[in-house]
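Asker:
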Amino acid sequence: MKKKNLLQRAIIIAVVTLLGIYIVIGPRRKPRLSDFTWSGIKATLASNIRLGLDLKGGSHLVMRVKTDEFLKKLTEGNALAIQPAARDAGYSPNDVKWEATSGNYKILLEAADPSKFGEIEEAVKKKVDLTDWTSSNSGNTITWTLTPTAQRALAEQATEQAKRIIESRLDAVGVAEPLVQRHGALSSHQILVQMPGIQDPERVKELLKGESRLELVHVVSPPSPASAQTYATKEEAEASLGGTVPNNRRVLEYAERTEPTTAGQPAPATDKPKQWVVVEWPPVVDGSELRNASATQSQGGSSDYQIAFSFKPTGAEKFGTWTGANINQYMGVVLNNEVKSIAFIKSQIFDQGEISGRFTKDSADDLALTLRSGALPAPIEYQEERTVGPSLGADSIRSGVRASVFGLLFVVLFMLFYYRGSGVNAVVALLLNMILMLAALIVFGATLTLPGIAGMILTIGMAVDSNVLIFERIREELLTGKTIPSAVEQGFQRAIVTIIDTHVTTIISSLFLFVFGTGPLRGFAVTLVLGLVINLFSAVYVSRTIFMWQLGRKRRLETLSI
Amino acid sequence: MIQVFKSINFDWLGRRRLFIGISVFLMLAGLGSAMFRQLKNPDGAFNLGVDFKGGTVVTTKFNRPTTAEAIRETLARQGLADATIQGVTDRSDTFLIKLPLEGAAGEQSQTEVELGRKRVRDALNTIGPEREAYEILGTEAVGAVAGAQLRNKAIAVTLAALVGMLVYIAFRFEWTYGAAAVIAVFHDVLVTLGFFSIFQWEVSLTVIAALLTLVGASVNDTIVVFDRVRENRRLHRRDSLYKITNDSINQTLSRTVITQGLIILSVLAMVIFGGDVLRGFSLALLIGTIVGTYSSIAVASPIMVWWEQRIEAANKAAALGAAPVTTRSPRAGSSKVKAEPLSARAEKHPRGAV
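Protein chains in written order, with this note's numbering: chain A, 475 to 1036; chain B, 465 to 818.
Here you go:
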């Protein structure tokens, strides 16, 4: 009975050990003979363990989507759409106002006749999507409010959309194995981007950040052949509107033929002084109607690049109708709130257009790429940026491994010296723990980071503690005059209570770290939890089995080397 | 067999006044340093790293011999007078260039995160082209908002972990044991942070990880003693808690010395060989482990004994007054519910004198 029990234990341990060793150093394909040479083992080890950016090198970016700006834009857009919608339905509202401060988004419509409110609301609803808004009436105003719940939901949508756009941009620019995920609490609207191997993220950062908001607008100007109406200062432009800018007009900067700042290059001095133009708002069509955009070389042998774009059918229809009705009027191409070019409409255009400007090939390519991936719903800001060069990472691996090896070596020597024969027992358990910990990291696909290595070193300490607890207890039991088998039995039984208590408390605190912690805290918690769970197997089960085997070999063991 | 201690019999609890004195002194020293520095400089209590304060760190390797002073001058000439330069101890050619966040939080944080690296690079380009004269090995840039977030999160996680452990110990032992262990851990964290304030070592995210580890390790060590107390109370029902606790500390002493000694030595290996990246982490761990070992004997045990004795005394008084007021849940061992006569040794120390 006892023999069978021992055999069973030995088989379990052998299987787990061999499996662990194979997971760590075995290749993930059909093994070849060369895999079992020293360099082959090193290579497979390196490909099996997923290293964190701090060890492998790369960039780590945390950005926040400015969702308040998204909500602001949404409020503004809806408010601007409500007025014509009401007017088209035959009601003439006095005024449409809106409020858009953080946490408070409202659209107010004033009408002379409160009895028509119901009809106005119905009419507006048909043209403007107001499903997320709640309306209320008081006096002679209808108010549409965005409830906090709706705000949260919309902000969440915007963040998810931004995440998808960032993913597609990373994909388009060819970053290898990028990681894009939400970061921190959902309400923080943060996105984490990790790019292994990228040391200088400047260009990618600009690319991801590019809002790429494209709008085609009607420029307020006398028609061609008169030249387009521009103003030298913002004040002049506003004065032409009577001092205040009404809701359906915008004063925008017109930076004619200057290169947009992209990709780490400073903007060249503008050849012409900046000008200002007045445009009609809302735009005729915007970037959401784009079907394609690409960089093309300007005609006439110039080295400048421009961006050609085309619209989806719905956009093309809108654009066609409008251009048809506005021959000889001036149209402006607005990119990120800046007028890039102004041209008069010669004939009806449906789905083609171009953004001219003095782009270099790179900047035109980047811009076309961001236009294709769609505009970000809201601007983003970078909150955290970490880059690690490969040499720094390799350095960290070296010192981490060196510290672990020294720690381990020291512990092994001490255990062998102090506990003699039983020390071997502890050393076997320790080594097994290390192997299984690496295997567990690989199986769970966890990432090994520098704090993770620290967690492993700590696990060595905890693993030794279990053995020391057991051995000291066995010694104590021996001193009270017990026989060797019963001392071992008692020692394990007593010590295990303590071992479980200590392990559970540490696992509890590590779990908090893992669930609520970020970055380095998590990497640390992962290895510590894995190490502790494995330790219950290696230090208790395996160690016990070795003792059982030692005791079973001789009928009457006179002395125990402990 | 080789033994560290042969049947030791030391009266640990008898020294509690000395121990508490040492602990109070260490905590006051740290607190004093933090307060003094805070008064001198509103952000000066701790040398917070970019993780918590925000700012930019650029790790740069110089291919021609240079000094921190020379780099500082180069940067100052390019308008980066507020940069601090710190050498890396294990490599003489590598320096950390640190830029603080400019201005208050808000929009500023964004430009800072994006510009820090660029500004350093622009300034360094005046001494020679990148890769030839210098190489940027790594950068870290954290905005003010993210820094505050990381800081608050670290504090919240630490407190949550402490509560988690308190609940577990209360469940396995008594709530007095849990409270005593948690007070001892608090003591460890405060003393360790005190060292970081006194010596102005940098507090980064990894230091917080170290503090959390030491929270676990210190509770660990306390539990080993408490487990023994629980067991001995069952075995020796006649003995006072005072004697039992002393005996338990003595019985587990060789384990304490061996284990904690080994942990301290392997952490020492980390301090020596772990390189600069791990330095803050390993220093915190080293001090924390030493303090944690001390506190399970010198802080947790006396508090637990004092508290339990007070409760016993209260129960006894209630029993004498024939008013069965308090009944404690006899979870871990019912023996302690019966008020036992305090031993002669304990009698000499009046209850509640700790």
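Note that beta-carbon positions come from the ideal geometry of N, C-alpha and C, so glycine has one too.
#1: When the Cα of Glu-858 of chain A is compared with those of A:Glu-710, A:Gly-658 and A:Val-902, which residue comes out closest?
#2: Against Phe-880 of chain A, what residues of chain B qualify as contacts under a CB-to-CB distance less than 7 Å, listed in chain order?
#3: Helix, strand or coil for Thr-790 of chain B, going by three-state DSSP, please let me know.
#4: Considering only the beta carbon of each residue, do Ser-896 of chain A and Ser-1035 of chain A sit closer than 8 Å?
#5: Buried or exposed: which applies to Glu-596 of chain B, given that a residue is buried once 16 or more other Cβ atoms fall within 10 Å of its Cβ?
#6: Counting pairs of beta carbons, one from the region 477-496 of chain B and one from the region 820-833 of chain A, are three or more of them closer than 8 Å?
#7: Candidates B:Thr-530, B:Leu-512, B:Leu-588 and B:Gly-607: which alpha carbon is nearest Gly-519 of chain B's?
#8: Taking C-beta pairs closer than 9 Å, name the residues in chain A that Tyr-632 of chain B reaches, listed in chain order.
#9: Would you please state the rounded distance, in angstroms, between the beta carbons of Asn-907 of chain A and Ala-937 of chain A? I believe it to be under 8 Å.
#10: Between which two residues does the beta strand (DSSP E) carrying Ile-816 of chain A extend?
#11: Among B:Val-721, B:Thr-622, B:Gln-550 and B:Val-741, which has the Cα closest to the Cα of Leu-866 of chain A?
#12: Under the three-state reduction of DSSP, which class applies to Leu-726 of chain A: helix, strand or coil?
#13: Excluding the five sequence neighbours on either side, which residues of its own chain have a C-beta within less than 6 Å of the C-beta of Arg-1027 of chain A, listed in chain order?
#14: Consult DSSP for Ser-870 of chain A and reduce its assignment to one of helix, strand or coil.
#15: Can you name, in chain order, every residue of its own chain whose Cβ lies under 7 Å from the Cβ of Gly-965 of chain A, other than the five neighbours on each side?
#16: Alpha carbon to alpha carbon, how far is Val-609 of chain B from Gln-664 of chain A?
#17: Measuring alpha carbon to alpha carbon, tell me which of A:Ala-650, A:Phe-818, A:Val-667 and A:Glu-593 ends up nearest Gln-703 of chain A.
#18: Within 8 Å of any Cβ in chain A, is that where the Cβ of Asn-710 of chain B sits?
#19: Between A:Gln-780, A:Trp-607 and A:Pro-853, which has its C-alpha nearest Thr-621 of chain A's C-alpha?
#20: What residue does the beta strand (DSSP E) around Ser-668 of chain B start on, and which one ends it?
#21: Please confirm if Thr-524 of chain B has its CB atom under 8 Å from at least one CB of chain A.
#22: Using a C-beta to C-beta distance shorter than 9 Å, which residues of chain A count as neighbours of Val-667 of chain B?
#23: Let me check understanding here. Comparing Cα to Cα, which of A:Gly-929, A:Met-889 and A:Thr-788 lies closest to Gly-874 of chain A?
#24: Taking Cβ positions only, does Ser-497 of chain B come closer than 8 Å to chain A?
#25: List the residues of chain A whose Cβ lies closer than 9 Å to the Cβ of Ala-684 of chain B, in chain order.
#26: What residue does the beta strand (DSSP E) around Gly-519 of chain B start on, and which one ends it?
#27: Please report whether the beta-carbon of Asp-691 of chain B lies at a distance below 8 Å from any beta-carbon of chain A.
#28: Using a C-beta to C-beta distance shorter than 8 Å, which residues of chain A count as neighbours of Gly-607 of chain B?
#29: At least one CB of chain B closer than 8 Å to the CB of Ile-871 of chain A: is that the case?
#30: With DSSP run on the structure shown, which of helix, strand or coil describes Val-1016 of chain A?
#31: If you draw a straight line from the C-alpha of Arg-792 of chain B to the C-alpha of Ala-644 of chain B, how long is it?
#32: What in chain A is Cβ-close to Ile-647 of chain B, meaning under 7 Å?
#33: Is there at least one Cβ from chain A nearer than 8 Å to Met-629 of chain B's Cβ?
#34: So, for Glu-584 of chain A: in the same chain, excluding its five sequence neighbours on each side, which residues have a beta-carbon less than 7 Å away from its beta-carbon?
#35: Taking Cβ positions, are Ser-471 of chain A and Ser-837 of chain A nearer each other than 8 Å?
#36: Does Thr-686 of chain B pass the burial test, meaning 16 or more other C-beta atoms within 10 Å, or should it be called exposed?
Answerer: Checking against the coordinates, here is how it stands:
#1: The residue among A:Glu-710, A:Gly-658 and A:Val-902 with its C-alpha nearest the C-alpha of Glu-858 of chain A is A:Gly-658.
#2: Neighbours of Phe-880 of chain A in chain B, taken as residues at a C-beta separation under 7 Å, are given in chain order as Ala-733 and Phe-737.
#3: Confidence is the limiting factor: at Thr-790 of chain B the pLDDT is only 48, short of 50, which leaves the residue's position unreliable, though a coordinate-based value still follows. Under the three-state reduction of DSSP output, Thr-790 of chain B falls in the coil class, being neither helix nor strand.
#4: If you check the CB distance, Ser-896 of chain A and Ser-1035 of chain A come in under 8 Å.
#5: Flag for Glu-596 of chain B reads exposed.
#6: Too few Cβ pairs lie closer than 8 Å, so no.
#7: The option with the nearest alpha carbon to Gly-519 of chain B is B:Gly-607.
#8: Near Tyr-632 of chain B (Cβ distances below 9 Å), the residues of chain A are Asp-975, Val-978, Thr-979 and Ile-982.
#9: Contact holds; Cβ gap of about 5 Å.
#10: In the DSSP assignment, Ile-816 of chain A falls within the unbroken beta strand (DSSP E) covering 812-818.
#11: Measuring from the Cα of Leu-866 of chain A, the nearest candidate turns out to be B:Val-741.
#12: In this structure, Leu-726 of chain A counts as strand in the three-state DSSP scheme.
#13: Taking C-beta separations shorter than 6 Å and ignoring five residues to either side along the sequence, Arg-1027 of chain A has no partners in its chain.
#14: Three-state result, Ser-870 of chain A: helix.
#15: Annotation for Gly-965 of chain A: Ile-944, Arg-947, Ile-948 and Glu-951 place their beta carbon closer than 7 Å to its own, counting only its chain and skipping 5 residues before and after.
#16: Linking Val-609 of chain B to Gln-664 of chain A through their CA atoms gives a straight-line distance of about 12 Å.
#17: The candidate whose alpha carbon is nearest that of Gln-703 of chain A is A:Phe-818.
#18: With 8 Å as the cut-off, Asn-710 of chain B does not count as an interface residue toward chain A.
#19: For Thr-621 of chain A, the nearest C-alpha among the options comes from A:Trp-607.
#20: Segment: none, Ser-668 of chain B is in no beta strand (DSSP E) and carries neither H nor E.
#21: No, Thr-524 of chain B lies away from the interface with chain A (no Cβ there is under 8 Å from its Cβ).
#22: Under the 9 Å cutoff, chain A gives no residues; its nearest Cβ is about 13 Å from Val-667 of chain B.
#23: Minimum Cα distance to Gly-874 of chain A is reached at A:Gly-929.
#24: No - not a single Cβ of chain A is within 8 Å of the one on Ser-497 of chain B.
#25: In the sequence as displayed, the identity of residue 684 of chain B is Asn instead of Ala. What Asn-684 of chain B touches in chain A: Met-936, Asp-939, Asp-975, Thr-976, His-977, Thr-979 and Thr-980.
#26: 519-526 is the span of the beta strand (DSSP E), which, as asked, contains Gly-519 of chain B.
#27: Judged by the 8 Å Cβ criterion, Asp-691 of chain B is in contact with chain A.
#28: Around Gly-607 of chain B, the beta-carbon contacts reaching into chain A at under 8 Å are Glu-855, Tyr-856, Gln-857 and Glu-858.
#29: It does not; no Cβ of chain B falls within 8 Å.
#30: Helix at Val-1016 of chain A.
#31: Summary for Arg-792 of chain B: the model assigns pLDDT 49, below 50, so the residue's position carries little reliability; its value from the coordinates is reported in the next sentence. A direct Cα-to-Cα measurement between Arg-792 of chain B and Ala-644 of chain B gives close to 17 Å.
#32: The premise fails here: Ile-647 of chain B is roughly 15 Å from chain A at the closest Cβ pair, so nothing lies under 7 Å.
#33: By this cut-off, Met-629 of chain B is an interface position.
#34: Excluding residues within five positions, the ones whose Cβ falls inside 7 Å are Pro-567, Asn-568, Asp-569, Asn-614 and Thr-615.
#35: Shown here, chain A extends from 475 to 1036; a query on residue 471 of chain A therefore has no answer.
#36: With 16 or more Cβ atoms within 10 Å of its Cβ, Thr-686 of chain B is classed as buried.
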